[in-house]
Amino acid sequence: MAKEVYKSLDELGISWSDIDKAISLSENWLLNSGIQNMHNRPKLYGSFNSWYDKDLKIYPYIYSEVTGYGITLFLYLNNLSKDDKCLTSAVAAANWLLKYAFEESSNTMKFRFYYHIDDFSPRHAYTFDTGIIINGFINLYKETKDELLLNKSVNMATWVTDVMQRKDGEFLSFYDIDDNIRLLSPDRWSKRPGAYHAKMCFCLLRLYDILREEKYLKAAKQICNWALNQQLEDGRFLSISEENITNAHPHCYGIEGILYAGIYLNEEEYIKNAIKGIVWLLDKQLPNGGVPSEFIGDSPVLKERCDALAQMIRLSLITLDMKKLSEKYIPSIAKMIKRLLEFQCQESDPSAKGGFFYIIDSNRNKVNHINSWATMFALQALCMLKQMTNKKEKFDINYFV
C-alpha cells in the first residue's frame, strides 16, 4: 500500500531523492546541530533541547520528555542503518535522564531544565512524559540488556499506576515532587486528564510483555477504556471539553495508544475506534495537504502544526499497511507528506537547517521555532514511508516515537 502512496507523491512532483534529502537533513540536524547537547558540560550531556529559536538564536530549555523520545527515535534509526552514532546518542540521552532528571525520592522524572537558573523548574513530574521515557528505557534495555534501565522503568511505572491513575482508569496529569501532591489545571490540555494518556499503553504493555505482571495489563486496558468513553460519535477526542475544543496533537496521541493496545491485544474494538479517530481528522484535511491544529466544535482554526501532521502520516501509513484504513485515503496521505516537506528549514544556519518548523500560522507564516519533537516525528514518518515501500522489513510499532 505504501507503494501506492509513493505513486501519488510522484504525481505531486515529489521524488525519492526529495524524500532522501529530507531524511538526511533532518537526521543531521538531530545529530549535529546542537539540539542534543553532545559537546557541552557533563550536566547537560545527552539531553535534548525543546527547540531552536531562530530569532534569538537560543534553546529555551531542556525537555525530559523529548529526551525520552530521542532514545526511541535514535534506536529506530540505528535499527535501520546500524549507525553507531545513533546508538551513542540514545545511550547519552538515557544516561542524562538517569543522572540528572530522575528524582530518587519519588521515582519521578523532573520536567524542564532552564538554562537561566541552571536547574529544573518547577519541580513537577508529568504522567505522560514519564510514559514516553519508560518506553525509551525499555527500548534501550532490549538493545543493551542494562538491568538499571528496566529497574528504573519499574520504579517509575509503580508511581504511574499507584499514584497517578484513578480507579476508573483516568490519569492525573502532573505531580509536585516536593509537596508530594497530584495536580491538575484546566488552563491547558497537557495539565488535565485526557484521552492522550492512552499513549501510556506503550510503556505499560511493554512492561507486561517483559514481566508478565497483570497490574500493567490492567492499567493499560483501564486507560484505553476510559479514553474511548471520551471519544465522540464522530471519532474526535475533546481536549478541553467545556469549550468543545479538540487539539489535533493530543487527539493523535490518544489514537496512537489505542491503536497500539489494539494491535498488542488483538482487540478489534480498539483498532476500529482508532481508525474512527484517524478518519475524522483525514476528512478535515486542508486543500494544501495539511491538517488544522485545532477545532472549536467542528470549525477548524486555520493554523497548522508539524507534530500533528507527522503523527497523522504515521498513523495513516500503519493502518493502511494493516488494510484497516480505506485505500481512498492514499491521495490524502501523499498530500500530507508533500505538505510535511514544506515545514522543513532549508536555510544555511547550521543550528536550523534540516529541522522542521513547528507552526505555520493562519497567515501562512512559519513561526521561527525549529522544533525537536516535531522533527523526530517528521523524520520517522519519512523513514516509515521508505521502509514500508521497500518492504524489506515491517515497521516495529514499539519504536513509534
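Per our numbering, the very first residue in the sequence shown carries number 792; after that it's consecutive. Using N, Cα and C, we set each Cβ at its ideal position, and we do this for glycine too.
Margin query: Please state whether the Cβ-Cβ distance between C1015 and C994 is less than 8 Å.
Written below: For the purposes of this step, residue 1015 is taken as the residue at position 224 of the sequence shown. For the purposes of this step, residue 994 is taken as the residue at position 203 of the sequence shown. The answer is no: Cβ separation not under 8 Å.
Next item on the list: Compute the beta-carbon to beta-carbon distance between N828 and S838, rounded to the nearest angstrom, for a pair I have assumed lies under 8 Å.
Entry: What you label residue 828 is simply residue 37 of the sequence shown in a count that begins at 1. What you label residue 838 is simply residue 47 of the sequence shown in a count that begins at 1. Right, their Cβ atoms sit about 5 Å apart.
Item checked: Proximity of W950 and N1020 at Cβ, strictly below 8 Å -> Locating residue 950 in the sequence shown gives position 159, where the first residue counts as 1. Locating residue 1020 in the sequence shown gives position 229, where the first residue counts as 1. Cβ atoms of W950 and N1020: not closer than 8 Å.
Check: Going by alpha carbons, who is nearest to Q958 out of K1126, I1046, S1032, K1012?
Finding: Residue 958 sits at position 167 when you count from the first residue of the sequence shown. One detail in the question is off: residue 958 reads as Lys in this sequence, not Gln. For the residues K1126, I1046, S1032, K1012, the minimum Cα distance to K958 belongs to K1012.
Next item on the list: Excluding the 5 residues preceding and the 5 following A986 in the sequence, name in chain order all residues of the same chain whose CB lies nearer than 6 Å to its CB.
Entry: To locate residue 986, count along the sequence shown from 1; it is residue 195. Cβ within range, chain order: A1018, Q1021, F1028, G1045.
Item checked: For E1095, the three-state DSSP class (helix, strand or coil) -> Translated into positions along the sequence shown, residue 1095 becomes position 304. Note: E1095 maps to strand in three-state DSSP.
Check: Going by alpha carbons, who is nearest to D970 out of E1005, S855, A916?
Finding: Sequence index remark: in the sequence shown, residue 970 carries index 179 (1-based). Of the candidates E1005, S855, A916, the one whose C-alpha sits nearest the C-alpha of D970 is A916.
Notebook entry, point to check: Taking the Cβ atom as the reference point for each residue, do A1101 and S1084 lie within a distance shorter than 8 Å?
Noted result: On the sequence shown, position 310 is the one that residue 1101 refers to. On the sequence shown, position 293 is the one that residue 1084 refers to. No, the pair does not count as a contact, with Cβ atoms beyond the cut-off.
Item checked: 8 Å Cβ cutoff met for Q1137 and K1144 -> The residue labelled residue 1137 in the question sits at position 346 within the sequence shown. The residue labelled residue 1144 in the question sits at position 353 within the sequence shown. Taking 8 Å as the Cβ cut-off, Q1137 and K1144 qualify as a contacting pair.
Check: Do you know offhand how far L1173's Cα is from F865's?
Finding: Position 382 of the sequence shown, counted from the start, is the residue given in the question as residue 1173. Position 74 of the sequence shown, counted from the start, is the residue given in the question as residue 865. When rounded, the distance between both Cα atoms is 14 Å.
Notebook entry, point to check: DSSP three-state call for S1031: helix, strand or coil?
Noted result: One-based indexing of the sequence shown puts residue 1031 at position 240. The question names Ser, yet the displayed sequence has Ile at residue 1031. DSSP places I1031 in strand when its eight states are reduced to three.
Next item on the list: Give every residue of the same chain whose Cβ lies closer than 8 Å to the Cβ of L1093, excluding the five residues on either side of it in the sequence, and list them in chain order.
Entry: Taking the sequence shown and counting its residues from 1, one reaches residue 1093 at position 302. Result list for L1093: L1077, P1083, S1153, in chain order.
Note to self: Here's the rule I'm using: 16 or more other beta-carbon atoms within 10 Å means buried, otherwise exposed. How should P1141 be labelled?
What the structure shows: Position 350 of the sequence shown holds residue 1141. Flag for P1141 reads exposed.
Next item on the list: Would you mind stating whether S1030 and W980 have Cβ atoms separated by less than 8 Å?
Entry: Against the sequence shown, residue 1030 aligns to sequence position 239. Against the sequence shown, residue 980 aligns to sequence position 189. Against a cut-off of 8 Å, the Cβ pair of W980 and S1030 comes out as a contact.
Margin query: For the structure I just gave you, are there three or more beta carbon pairs, one from the region 794-811 and one from the region 849-857, closer than 8 Å?
Written below: no
Checklist line | Continuous beta strand (DSSP E) stretch holding N1162: start and end | finding: The sequence position of residue 1162 within the sequence shown is 371, counting from 1. Run containing N1162: 1160-1162, per the beta strand (DSSP E) assignment.
Notebook entry, point to check: Which residue comes first and which comes last in the alpha helix (DSSP H) that contains L866?
Noted result: Within the sequence shown, the letter at position 75 stands for residue 866. Start and end: 855-872.
Checklist line | 7 Å Cβ shell around K1006 - same chain, five flanking residues per side excluded | finding: Here residue 1006 refers to the residue found at position 215 of the sequence shown. Cβ neighbours of K1006 beyond the five flanking positions: T952.
Notebook entry, point to check: Which term fits P913, buried or exposed, when burial requires 16 or more other beta carbons within 10 angstroms of its beta carbon?
Noted result: The sequence position of residue 913 within the sequence shown is 122, counting from 1. Its Cβ having fewer than 16 others within 10 Å, P913 is exposed.
Checklist line | Helix, strand or coil at N831 according to DSSP, with G and I counted as helix | finding: Taking the sequence shown and counting its residues from 1, the one referred to as residue 831 is at position 40. Three-state result, N831: coil.
Next item on the list: Less than 8 Å between the CB atoms is what I'm expecting for L974 and I924, so what's the real figure, rounded?
Entry: Here residue 974 refers to the residue found at position 183 when the sequence shown is read from its first residue. Here residue 924 refers to the residue found at position 133 when the sequence shown is read from its first residue. The Cβ separation is near 19 Å, so there is no contact.
Item checked: Distance CB(E1095)-CB(I1151) smaller than 8 Å -> Numbered from its first residue, the sequence shown carries residue 1095 at position 304. Numbered from its first residue, the sequence shown carries residue 1151 at position 360. Against a cut-off of 8 Å, the Cβ pair of I1151 and E1095 comes out as a contact.
Margin query: Can you check which of these residues, I1188, I972, S944, D937, is closest to V954 by C-alpha distance?
Written below: Working through the sequence shown from its first residue, we reach residue 954 at position 163. Checked all of I1188, I972, S944, D937; the closest Cα to V954 is I972.
Note to self: Less than 8 Å between the C-beta atoms of L1111 and L1050, yes or no?
What the structure shows: For the purposes of this step, residue 1111 is identified with residue 320 of the sequence shown, where counting begins at 1. For the purposes of this step, residue 1050 is identified with residue 259 of the sequence shown, where counting begins at 1. The answer is no: Cβ separation not under 8 Å.
Note to self: Quick check on Q1137: does DSSP put it in helix, strand or coil?
What the structure shows: In the sequence shown, the residue the question calls residue 1137 occupies position 346. Looking at Q1137 - three-state DSSP - the assignment turns out to be coil, as it is neither helix nor strand.
Notebook entry, point to check: Which of helix, strand or coil does DSSP assign to N898?
Noted result: On the sequence shown, residue 898 is found 107 positions in, with the first residue counted as 1. Coil, per DSSP.
Margin query: Helix, strand or coil, according to DSSP, for A916 in the structure here?
Written below: Start at 1 with the first residue of the sequence shown, and residue 916 comes out as number 125. It is a strand residue.
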